[in-house]
Amino acid sequence: MAAALLTASKVTKIFGTGHAEVRAVHEVSLEILPAEIVLVMGPSGSGKTTLLSMLGGLLKPSAGSIVLDGIHLTALKESQLPEIRALKIGFVFQAFNLLSALSVEENILFPAQLRAGGIAAARPRAAELIEKLGLAHRRRALPKTLSGGEKQRVAIARALINEPKLILADEPTGNLDSQTGQEVMMILHDVARDQGYSVVLVTHDPRVEDVADRILWLEDGQLRDRKSEQHNWERDPVCGMRVDEWTATEFTDYKDHKYVFCSSRCRERFDKRPEHYLTKREQSADG
Amino acid sequence: MLVWAWKSLIAQRGAVLGGALGIAGSFILVVFFHAVFRGESGQIVAYPEHMQPDVWVMQRGVRNMHMATSSVWDWKADKVADIPGVARVTPILYLNSVITAGNQKSFSFIVGLLPDDHRAGPWEMVAGREVSSQGETVIPDVLSNLLDVSIGDRVTIADTSFTIVGLSTGTYSMANSVIFVAFSDLERILSSSGTYSYLLVDAEEGIDPEALAGKIRREVEKVNALPHEEFVENDFAIAMQMGVEIIFMMTVISAILAILIVCFTAYSLVMRKRRELAIAKALGMRGSAVLFGVVFQSCILTLFGFAIAAVFAMIVIPYIPLLLPQLSLTVAVSELLQIGVTALLVAMVGAIIPAYLVLRLDPATAFNV
Ligand SMILES: Nc1ncnc2c1ncn2[C@@H]1O[C@H](COP(=O)(O)OP(=O)(O)OP(=O)(O)O)[C@@H](O)[C@H]1O
Ligand SMILES: [Mg+2]
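Protein chains in written order, with this note's numbering: chain A, -13 to 273; chain B, 711 to 1079.
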């Protein structure tokens, strides 16, 4: 077996003290192998983002150790972490997080100023990524003029510019409609596979499971085994999409029944006119 | 980082322009007060400066004219006149008082002239004639406009009524306009007789004023004699003393104002962009680099404000006296440079609080939705 790229041992994160204490992550141990795509799933508030932040050197664990590519992140000084983040890790966020004043190309090149050779040396790679991610015609556009899918493709290119060994993505499809989300996932998957990057991906989207090598299930801050029968498929009453009740973040209690949704948009629509969607569903069930 | 900092500024040009205008405003305040006081202090010593005798003689212990009183017995003037090397002695009476017309008042510098004295009188007339008999006065043209009086009108000086017979120019200042009256009138106002205030001493060709002043001090008891240069320097120093303190206060106040504006503008830029700054940190940008960007922005902002102020000072201030003739304004380029240096300090100090915020930004917040 290949040596792990990332090893976390008994990582714990506690926020606050006393009554306000929250044990967001409790003694989580995991290994990520090179070129492996690992999903982290779990209910809302289970500590997924907290875990990812610690793996990425953005948050110091309260206990435990994290080793990335032979470097003990937890032993590093605060001032040494930015360099690790810049060179070893690519981040993809749910909120895209592009810099609004910079163009597509400048955003992609932004992390390159932190590596040897700087922006100039990274230009050919940026051009290649822009081509590969289908952004050529938007090269000089500002983020505010891009669609959600385009924004996330720019963010992916930015995460890849410094050729990091590890990509950390927190719900990268969370702000996209399902079709675009699917496309973005495929792109991330293809690039990672092509270049042999490891990806740790937090998601609620069950369709992403197909691309993963492994799924980690986080619940109450701890890793648990999740058997596949733990899926609990429900239909979104608005769009009719299949949603796993276990992992859904969007839900509403209406007349003593829990309805789950694929997105906040569907939930909002439902909340406005619940009867409309329920009668529609009954009708289609009847028919 | 700099490209990003610059483009972020451009993307928020409204806020940046607003901040820069505010900063410019506070710098203009400094430039303006400097200009006013420099001009005004120059005007306060206008009279002694224009008289230009070789030596000034006055009561012992007195060293200048502005805000001073001096009394010299008339026989001492004769004694001075007898000293070898003295060509001519012109005595004047002098009083700091108020001139009133209607209910308007102005501080003034009243000079009493002996009959037929053209040596110590107004140096440039614009209308009418000089004082030739009792009850007559010559006032500055600017003052006549401000008091709304003209030749033939009456004004009150130290509770005595005078008729304006002439208007002089170059004699106005806000703190001290120079007004000429007959010697005997001022004598009556002062209830004095047989005394002068100052003696203007002209030396013969080739006589050193310094040496002559020393000689007068030695040979005439209880008088002080100073060469013209020294006398005017003393006068200017006294005039500036008050002005300098006010200028200093104004500079400090304006600098604080500018710092507050820089601080506020930079603060709001940072607050508005705090998410992006956190993202930059999450992507591996060092806190110090982000900080550098913020200080860079604050410097650009301040220099922009300074540039607006400088252009304003160079172009607009020279025209102000045309609209407000009572203001004497002098802008010194060295002062602008001084303010430019102040501006950079302002930028640094103003960036402290925003910089502190930036350093504290938690990169993990980049994950927040
Ligand atoms: N900075 C913080 N201070 C205090 N508590 C926090 C902080 N960040 C997270 N928590 C708490 O830690 C727990 C785990 O939060 P986390 O954001 O990691 O969950 P998550 O699995 O990412 O949830 P979601 O699916 O909704 O994004 C939650 O109870 C949360 O309230
Ligand atoms: Mg989360």
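We treat Cβ as the ideally placed atom computed from N, Cα and C, and that holds for glycine.
The structure displayed is predicted, hence computed values, not measured ones.
For a test of the three-state rule: what should DSSP assign to residue i, helix, strand or coil?
i: Ala1076/B; result: helix
i: Asn148/A; result: coil
i: Asn944/B; result: helix
i: Lys786/B; result: helix
i: Leu739/B; result: helix
i: Ser164/A; result: helix
i: Trp716/B; result: helix
i: Pro20/A; result: coil
i: Phe96/A; result: helix
i: Lys(-4)/A; result: strand
i: Ala127/A; result: coil
i: Asp230/A; result: strand
May I ask you to check if the CB of residue i is nearer than 7 Å to at least one heavy atom of ligand 2?
i: Asp156/A; result: yes
i: Thr35/A; result: yes
Where residue i and residue j are concerned, what is the direct C-alpha to C-alpha distance, given to the nearest angstrom?
i: Asn83/A; j: Ala1076/B; result: 7 Å
i: Val185/A; j: Tyr245/A; result: 32 Å
i: Met995/B; j: Ile57/A; result: 19 Å
i: Gly120/A; j: Ala108/A; result: 18 Å
i: Glu254/A; j: Phe237/A; result: 10 Å
i: Arg667/B; j: Phe817/B; result: The question about residue 667/B has no answer here: the residues shown for chain B are numbered 711 through 1079.
i: Asp827/B; j: Val962/B; result: 47 Å
i: Ile720/B; j: Asn148/A; result: 28 Å
i: Ile966/B; j: Met960/B; result: 10 Å
i: Leu909/B; j: Ile802/B; result: 6 Å
i: Ile142/A; j: Gly4/A; result: 40 Å
i: Arg179/A; j: Lys717/B; result: 36 Å
i: Ser907/B; j: Phe737/B; result: 43 Å
i: Val891/B; j: Phe1022/B; result: 42 Å
i: Ile1063/B; j: Trp766/B; result: 57 Å
i: Ala992/B; j: Lys118/A; result: 25 Å
i: Ser871/B; j: Gly732/B; result: 49 Å
i: Asp858/B; j: Pro1031/B; result: 18 Å
i: Gly42/A; j: Gly134/A; result: 24 Å
i: Leu896/B; j: Val746/B; result: 31 Å
i: Val1068/B; j: Arg144/A; result: 23 Å
i: Ser15/A; j: Gly104/A; result: 35 Å
i: Val177/A; j: Ile153/A; result: 11 Å
i: Ser998/B; j: Val8/A; result: 32 Å
i: Ala(-11)/A; j: Leu174/A; result: 23 Å
i: Ile989/B; j: Val1005/B; result: 18 Å
i: Gln208/A; j: Lys74/A; result: 26 Å
i: Gln66/A; j: Ile52/A; result: 15 Å
Going by other Cβ atoms of all chains shown within 10 Å of its Cβ, with 16 needed for buried, is residue i buried or exposed?
i: Gly33/A; result: buried
i: Arg139/A; result: buried
i: Phe743/B; result: buried
i: Pro794/B; result: exposed
i: Arg982/B; result: exposed
i: Glu114/A; result: exposed
i: Val1079/B; result: exposed
i: Ile926/B; result: buried
i: Asn774/B; result: buried
i: Asp191/A; result: buried
Contact check, residue i vs residue j under 8 Å by CB: the rounded distance?
i: Asp851/B; j: Leu877/B; result: 4 Å
i: Pro47/A; j: Thr60/A; result: 6 Å
i: Met40/A; j: Val(-3)/A; result: 6 Å
i: Met172/A; j: Thr159/A; result: Actually they are not in contact, since the Cβ atoms of Met172/A and Thr159/A sit about 11 Å apart, beyond 8 Å.
i: Asp764/B; j: Leu922/B; result: 7 Å
i: Pro937/B; j: Glu920/B; result: 5 Å
i: Ile23/A; j: Leu(-9)/A; result: Wrong, their Cβ atoms sit about 12 Å apart, outside the cutoff.
Would you say residue i touches ligand 1, meaning its beta carbon is less than 7 Å from a heavy atom?
i: Ser30/A; result: yes
i: Thr961/B; result: no
i: Phe82/A; result: no
i: Gly2/A; result: yes
i: Val8/A; result: yes
i: Thr1052/B; result: no
i: Glu238/A; result: This sequence places Thr at residue 238/A; Glu is not what is there. Result no, Cβ not under 7 Å from ligand 1.
i: Thr235/A; result: yes
8 Å is my cut-off, CB to CB: does residue i come that close to chain E?
i: Val1079/B; result: Although the question refers to chain E, the structure presented lacks it and instead comprises the protein chains A and B.
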